[in-house]
Every structure is written in C-alpha cells, then in structure tokens.
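With numbering that gives the first Met the number 0 applied, the sequence shown closes on residue 139, and no number is skipped along the way.
Inspection log for the structure reproduced underneath, given as structure tokens.
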Amino acid sequence: MSACRRLRGAADERCRSRDEGGAAAGTSGDATAALVFDHALPNVPGKSLRAVLVTYGPGGASPAHTHARSAFITATVLEGAIRSRVNDGPERVYRAGESFTEMPGDRHPVSANASATEPARLLAVFVLDSDETSLTTPIR
C-alpha cells in the first residue's frame with residue numbers, strides 16, 4: 000500500500016488517480032498529499048508524529064476539511080504561497096518559510112495555492128493518537 004493511500008478522506012481521490020497512473024503531484028490544479036513520515040513517539044505512549052507533503056498545482060486547492068480528532072498540526076510552506084483559513088479566522092497568505100497551526104477539532108475551510116501560475120508545497124506535521132487512521136475528512 001502506498002503512503003498516499005494510507006491517507007483517508009479528502010486526499011483519497013487525488014492520491015488514487017496518481018497511484019493509478021494519473022498526473023504527478025503539482026502538474027494539475029488539484030492538491031495531492033503524500034505521507035512522508037510516520038513514527039511512534041517513544042517518550043509519549045500512544046502518540047505518533049506523522050508528516051504529510053501537500054503539493055498544489057497552479058490554482059490548486061483542497062476541499063474544506065477537518066483532521067483527526069486528536070491531531071495538533073503545524074504546517075510550513077516549503078515553496079510558493081498558500082492561502083489558508085482555519086475556523087472562522089481571517090484568510091491569510093503564507094509564503095515559503097512561514098508556518099501556521101491547527102488545534103484538535105479545528106476546521107480548515109480554505110487551503111489553496113495563492114498563485115494561478117506557480118506550484119506550491121507545504122509540509123504538515125501531525126502529533127496525534129497512534130491509532131488514528133483518518134488524517135483528513137472532507138466537510139460536507
């Protein structure tokens with residue numbers, strides 16, 4: 000099973016199309032997600048650290064979503080610029096090197112590439128209960 004397929008929820012469709020020969024990450028307008036790290040925290044029983052690389056094609060966005068109930072997340076923009084809004088807070092653009100956090104239970108209604116012409120990437124690092132299997136769930 001690919002790391003991409005281990006992500007459940009909003010990322011599933013985009014991951015599935017890439018795993019089955021679809022476009023590579025960052026080549027279309029969609030956002031793709033790939034699990035790049037998953038490790039139990041030896042000094043915090045029952046908790047794990049997981050990292051997800053999210054790649055947005057030009058103009059790409061991910062659907063409004065929530066994350067695993069126990070997840071504390073810090074996201075750092077690696078390339079380009081990301082438009083983001085958490086809960087009812089203001090929409091903000093984060094540029095390469097800037098970070099934002101999401102607390103357990105937060106809603107993420109806006110997550111998009113701020114550019115219509117350049118790709119963008121962010122690394123989302125989760126601290127969560129080790130038994131969590133669904134990292135992202137679309138808001139319906």
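Glycine included, each C-beta is placed from N, C-alpha and C at the ideal position.
CA-CA distance, Arg139 to Gly79, rounds to 28 Å. When Val126, Ser110, Leu134, Pro44 are compared, the shortest CA-CA separation from Thr54 is found for Ser110. If you draw a straight line from the Cα of Asp105 to the Cα of Ala74, it comes to about 14 Å. Note on the segment 20 to 76: whole beta strand (DSSP E) runs with a minimum of 3 residues are 30 to 39, 46 to 55, 64 to 66, in chain order. Collapsing the DSSP output to three states places Asn86 in coil.
For Pro137, the enclosing beta strand (DSSP E) starts and ends at 135 to 137.
Glu131 sits in coil when the DSSP states are folded into three classes, being neither helix nor strand. Excluding its 5 nearest sequence neighbours in each direction, Pro57 has C-beta neighbours in its own chain below 7 Å: Gly28, Asn112, Ser114, Ala115, Thr116, Glu117, Pro118, listed in chain order. Sequence-distant Cβ neighbours of Glu101 in its own chain, meaning closer than 6 Å and more than five residues away, are Ile72, Val85. For Gly45, the number of other beta carbons within 10 angstroms of its own is below 16, and it is reported as exposed. Within the DSSP secondary-structure output, Glu78 pairs in a beta bridge with Arg120. Assigned with DSSP and collapsed to three states, Ser110 falls in strand.
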